[in-house]
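Please read the structure below before turning to the comments.
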Amino acid sequence: QVILLLNRRGHNTYVSCPSCSYVEVCPNCSVSLTYHSANNRLMCHYCGYSEKADNKCPECENEHMKFMGLGTQKAEEELKLLFPDAKILRLDADSTVSRDSYATYLEAFSKGEYDILLGTQMVAKGLDFPNVTVVGVLGADKAGFSEDFRSFERTFSLLTQVIGRAGRGDIPGKAIVQTLNPESNIIEMAEKQDFDAFYTEEILTRKLMIYPPYCDICVVSAQSLSRDIAEQTINKVFENIKRLIETNYSAVKVIILGPSAASIPRVNNHYRYRMIIKCRNNMEFRKMLKEAMQIKTINDATVWVDMNPETII
466 QVILLLNRRG HNTYVSCPSC SYVEVCPNCS VSLTYHSANN RLMCHYCGYS EKADNKCPEC
526 ENEHMKFMGL GTQKAEEELK LLFPDAKILR LDADSTVSRD SYATYLEAFS KGEYDILLGT
586 QMVAKGLDFP NVTVVGVLGA DKAGFSEDFR SFERTFSLLT QVIGRAGRGD IPGKAIVQTL
646 NPESNIIEMA EKQDFDAFYT EEILTRKLMI YPPYCDICVV SAQSLSRDIA EQTINKVFEN
706 IKRLIETNYS AVKVIILGPS AASIPRVNNH YRYRMIIKCR NNMEFRKMLK EAMQIKTIND
766 ATVWVDMNPE TII
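Sequential numbering of the sequence shown, starting at 466, is according to my numbering.
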């Protein structure tokens with residue numbers, strides 16, 4: 466049996482016009498719409514918006530829109546063409562919507578009812594199938610190109626876990642990783658399952674850049690239906706922090722990145738601004754931050770704090 470990992474659901478990741486370069490984007494969010502072939506709709510994975518897919522460009526009326534990028538649904542189609550006799554099981558958020566479907570599918574795969582298991586990261590962790598002798602990772606580079614300081618850690622973790630799914634029985638296993646950068650240290654260390662080498666390299670980078678565990682990360686965010694109000698709100702908090710550190714809290718040491726727009730500036734019609742604070746999460750810092758947050762918000766503006774979040778994207 467074979468396990469293939471592609472950490473991108475849907476059929477195509479975006480749809481564009483080859484004539485005028487128009488891209489179908491969500492009207493509520495700053496992201497492109499993903500094409501889902503099961504219902505022939507373009508969908509937003511952030512707010513849930515969807516619309517019927519159309520081959521006609523709304524800008525220049527060209528009738529040959531291009532469906533670009535690879536998702537699990539497209540990969541499943543390609544596998545059926547390449548291996549017409551193979552029984553293929555796709556596991557992602559779209560195929561496991563019903564209750565207990567995930568466990569039911571995995572049980573069927575363990576009984577040998579399927580030859581190829583294709584899925585997102587849910588197929589990478591904790592699975593023990595003795596008959597799996599080949600594991601493939603499609604597009605391994607995507608997870609590493611991220612502004613999150615944990616991106617290398619997540620890539621290494623995901624690769625080591627999925628590679629470990631092959632050869633767990635009596636037959637030796639093989640792992641194949643698709644990458645544009647085969648000389649990557651991350652891939653090489655994941656291939657060798659060399660956790661010590663990865664830690665040694667990653668901890669040095671964290672120390673040089675002052676990231677956890679050498680500090681705590683505090684993300685202060687503001688959002689509003691108005692871009693200007695969201696920006697003004699986060700700037701008020703920033704000015705308060707600067708003033709407090711220069712006066713009553715001179716002992717509090719921080720490094721502030723921002724304020725700036727979030728990596729996805731608009732979600733569900735709300736504009737989002739934030740600042741990333743490298744700090745020590747002690748009582749004095751929390752007291753200072755609480756005072757800085759004492760601002761009069763405008764209309765629908767919302768401000769919140771996330772200490773040591775799972776991701777800073």
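Cβ atoms here follow ideal geometry from the backbone N, Cα and C, with glycine treated the same way. Computed from a prediction, not measured in an experiment: that's the story for all the values here.
DSSP-derived helix/strand/coil call for residue i
i, result
"Arg-564", "coil"
"Ala-727", "strand"
"Ile-742", "strand"
"Gln-785", "For residue 785 there is no data in the structure shown, the boundaries of the chain being 466 and 778."
"Asn-773", "coil"
"Leu-470", "strand"
"Met-530", "coil"
"Tyr-714", "coil"
"Asn-477", "strand"
"Ser-515", "strand"
"Ile-706", "helix"
"Val-732", "strand"
"Val-588", "helix"
"Lys-521", "coil"
"Arg-671", "helix"
"Leu-665", "Correcting the residue type first, residue 665 is Thr in the shown sequence and not Leu. The answer is helix: DSSP assigns Thr-665 an H, G or I state."
"Asn-650", "helix"
"Gln-759", "coil"
"Leu-571", "helix"
Whether residue i touches residue j by CB criterion (8 Å)
i, j, result
"Leu-554", "Leu-470", "no"
"Tyr-738", "Ala-695", "yes"
"Lys-639", "Thr-598", "yes"
"Ser-728", "Ile-778", "yes"
"Ile-512", "Leu-498", "Per the sequence presented here, residue 512 reads as Cys, with Ile not at that position. No, the Cβ-Cβ distance between Cys-512 and Leu-498 is not below 8 Å."
"Arg-506", "Lys-521", "no"
"Cys-680", "Arg-745", "yes"
"Thr-712", "Asp-613", "no"
"Pro-774", "Val-684", "yes"
"Ile-423", "Val-702", "With the chain covering 466 to 778 only, the question about residue 423 has no answer from this structure."
"Pro-724", "Ile-699", "yes"
"Asn-477", "Tyr-500", "yes"
"Val-496", "Val-490", "yes"
"Thr-620", "Ile-641", "no"
"Tyr-736", "Gln-688", "yes"
"Ile-741", "Ile-675", "no"
"Thr-625", "Ala-655", "yes"
Rounded Cβ spacing between residue i and residue j (contact assumed at less than 8 Å)
i, j, result
"Leu-556", "Tyr-570", "6 Å"
"Thr-537", "Arg-630", "Rounded, the Cβ-Cβ distance is 17 Å, inconsistent with contact."
"Leu-690", "Asn-734", "6 Å"
"Ile-628", "Val-588", "At roughly 12 Å, the Cβ-Cβ gap does not stay under 8 Å, so Ile-628 and Val-588 are not in contact."
"Phe-574", "Leu-583", "So it is not a contact: roughly 11 Å between Cβ atoms."
"Thr-561", "Asp-606", "Actually they do not touch by this definition, with Cβ atoms about 26 Å apart."
"Gln-586", "Asn-472", "5 Å"
"Val-719", "Lys-743", "6 Å"
"Phe-617", "Glu-653", "At roughly 13 Å, the Cβ-Cβ gap does not stay under 8 Å, so Phe-617 and Glu-653 are not in contact."
Residue i - partner residues in DSSP beta bridges
i, result
"Cys-509", "Answer by DSSP bridge pairing: none, since Cys-509 is not bridged."
"Ile-641", "Gly-601"
"His-501", "Arg-506"
"Glu-767", "Correcting the residue identity first, residue 767 is Thr in this sequence and not Glu. According to DSSP, which records beta bridges pairwise, Thr-767 is partnered with Gln-688."
"Arg-555", "Leu-583"
"Cys-683", "Ile-742 and Met-772"
"Arg-737", "Gln-688"
"Val-488", "Ser-481"
"Val-627", "Beta-bridge pairing links Val-627 to no other residue."
"Ile-721", "Ile-742"
Cβ contact (3+ pairs, closer than 8 Å) linking the region 476-496 and the region 531-545 = Cβ pair count under 8 Å is three or more, so yes.
| If we count Cβ pairs, one from each stretch, closer than 8 Å, do we get three or more for the region 582-601 versus the region 753-763? | Output reads no: the region 753-763 does not touch the region 582-601.
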